[in-house]
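Student: In the numbering used here, the protein residues as written are 4 to 238. In this text, a Cβ means the ideal position worked out from N, Cα and C, and glycines have one as well. So that we are looking at the same thing, I have put the structure below in structure tokens.
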């Protein structure tokens, strides 16, 4: 998905194989049934899921899953709330759709919704404490984390959802308030990188990691190139 500098949404899907040759290679795969940009994506139970976004007709609630072995897409039950600029993360065979905004007013949403992948059904969860758009999300340990975002200005807010108790709690805020960032968990560490720094509205090269034992964020070496509205994934 996405767009290429104009407002026309794309259904394009491309796959990177890091094991192909010395530098890896990209290949074209079957396009999504629904063209869109500012969607969210997550992987669970061997499939890739594309959620929501913005299309020619405005806000989308459509959800489609991709089977890489068959190179085929399947349309699933729609999200309860149509929106773009949302974030998604997977944990325990379920996909969480967080925040976002609609095109009509771009009002930041606090919505949290969960897809049970095996059952193919959605349920509504308690709202996030902080409504926001352009946030990042990642599963880390037994929790889902909502990181950064925008609610008029950029946010440093970090909140986590515990599925066992069905409740949100606040965590230490980011060192750099940012939106349009990416988050990923690897080897027991949660990382956040890129985005837009609200102090100067520039794309930062800064990277932060969450130190769970101390409950704080610490800076890491910068990424080589500044970028915003990027994506990141571990595994």
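1. Where do the N-terminal and C-terminal ends of the beta strand (DSSP E) with residue 79 fall, by residue?
2. Expressed to the nearest angstrom, what Euclidean distance is found between the alpha-carbon atoms of residue 103 and residue 161?
3. Is it right to say residue 196 is buried, meaning 16 or more other beta carbons lie within 10 angstroms of its own, or is it exposed?
4. If I follow the unbroken beta strand (DSSP E) through residue 119, where does it start and stop?
5. With distances taken Cα to Cα, identify the nearest neighbour of residue 208 among 26, 230 and 105.
6. Would you tell me roughly how many angstroms separate the C-alpha atoms of residue 198 and residue 164, rounded to the nearest one?
7. Taking the beta carbon of residue 220 as the centre, do at least 16 other beta carbons fall within 10 Å, making it buried, or is it exposed?
8. So, under 8 Å CB-CB, residue 43 and residue 51 are touching, yes? Tell me the CB distance rounded to an integer number of Å.
9. Give the DSSP bridge partners of residue 212, in chain order.
10. Once the 5 residues before and after residue 187 are set aside, which same chain residues still bring their CB inside 7 Å of it?
11. In angstroms, rounded to a whole number, what distance separates the CA positions of residue 23 and residue 175?
12. With 16 as the cutoff for other CB atoms within 10 Å, does residue 213 come out buried or exposed?
13. Taking only the alpha-carbon atoms, compute the straight-line gap between residue 111 and residue 149 and give it to the nearest angstrom.
14. Within the region 5–86, note down every full beta strand (DSSP E) run reaching 3 residues or more, in order along the chain.
15. Is it true that the CB of residue 14 sits closer than 9 Å to the CB of residue 39?
16. Taking all protein chains shown into account, do 16 or more other C-beta atoms lie within 10 angstroms of the C-beta of residue 67, making it buried, or fewer, making it exposed?
17. For a test of the three-state rule: what should DSSP assign to residue 159, helix, strand or coil?
18. Helix, strand or coil: which one does DSSP assign to residue 135?
19. Tell me where the beta strand (DSSP E) around residue 149 begins and ends.
20. Do residue 138 and residue 89 have their C-beta atoms closer together than 9 Å?
21. Would you call the CB atoms of residue 151 and residue 181 closer than 9 Å?
Tutor: According to the structure data:
1. Here residue 79 refers to the residue found at position 76 when the chain shown is read from its first residue. Residues 75–79.
2. Within the chain shown, the letter at position 100 stands for residue 103. Within the chain shown, the letter at position 158 stands for residue 161. Going from the Cα of residue 103 to the Cα of residue 161 covers about 15 Å.
3. Here residue 196 corresponds to residue number 193 of the chain shown, with the count starting at 1. Answer is buried; the Cβ neighbour count reaches 16.
4. Start at 1 with the first residue of the chain shown, and residue 119 comes out as number 116. Per DSSP, residue 119 belongs to the beta strand (DSSP E) from 115–119.
5. On the chain shown, residue 208 is found 205 positions in, with the first residue counted as 1. Per the Cα distances, 230.
6. The residue given as residue 198 occupies position 195 in the chain shown. The residue given as residue 164 occupies position 161 in the chain shown. Going by the C-alpha atoms only, they are around 22 Å apart.
7. Residue 220 sits at position 217 when you count from the first residue of the chain shown. Buried, since its Cβ has 16 or more Cβ neighbours within 10 Å.
8. Counting from 1 along the chain shown, the entry for residue 43 is found at position 40. Counting from 1 along the chain shown, the entry for residue 51 is found at position 48. Actually they do not touch by this definition, with Cβ atoms about 11 Å apart.
9. For the purposes of this step, residue 212 is taken as the residue at position 209 of the chain shown. DSSP, once it has assigned bridges, lists 194 and 221 as partnering residue 212.
10. The sequence position of residue 187 within the chain shown is 184, counting from 1. Correct list, in chain order: 141, 194, 235, 236 and 237.
11. As a position in the chain shown, residue 23 is number 20, starting the count at 1. As a position in the chain shown, residue 175 is number 172, starting the count at 1. Spanning the two alpha carbons is a distance of roughly 40 Å.
12. Residue 213 sits at position 210 when you count from the first residue of the chain shown. Residue 213 should be labelled buried.
13. What you label residue 111 is simply residue 108 of the chain shown in a count that begins at 1. What you label residue 149 is simply residue 146 of the chain shown in a count that begins at 1. In a straight line, the C-alpha of residue 111 is about 14 Å away from that of residue 149.
14. 16–20, 28–32, 43–47, 50–54, 66–70 and 75–79
15. Here residue 39 corresponds to residue number 36 of the chain shown, with the count starting at 1. Here residue 14 corresponds to residue number 11 of the chain shown, with the count starting at 1. Yes, the Cβ-Cβ distance between residue 39 and residue 14 is below 9 Å.
16. Start at 1 with the first residue of the chain shown, and residue 67 comes out as number 64. Buried, by the Cβ-count rule.
17. Locating residue 159 in the chain shown gives position 156, counting from the first residue. Three-state result, residue 159: coil.
18. Residue numbering aside, residue 135 sits at position 132 when the chain shown is read from its first letter. Three-state DSSP puts residue 135 in coil, outside helix and strand.
19. The residue labelled residue 149 in the question sits at position 146 within the chain shown. That run of the beta strand (DSSP E) goes 146–150.
20. Stepping through the chain shown from its first residue, residue 138 is reached at position 135. Stepping through the chain shown from its first residue, residue 89 is reached at position 86. A contact, by the Cβ cut-off of 9 Å.
21. Along the chain shown, one-based indexing puts residue 151 at 148. Along the chain shown, one-based indexing puts residue 181 at 178. Closer than 9 Å, so yes.
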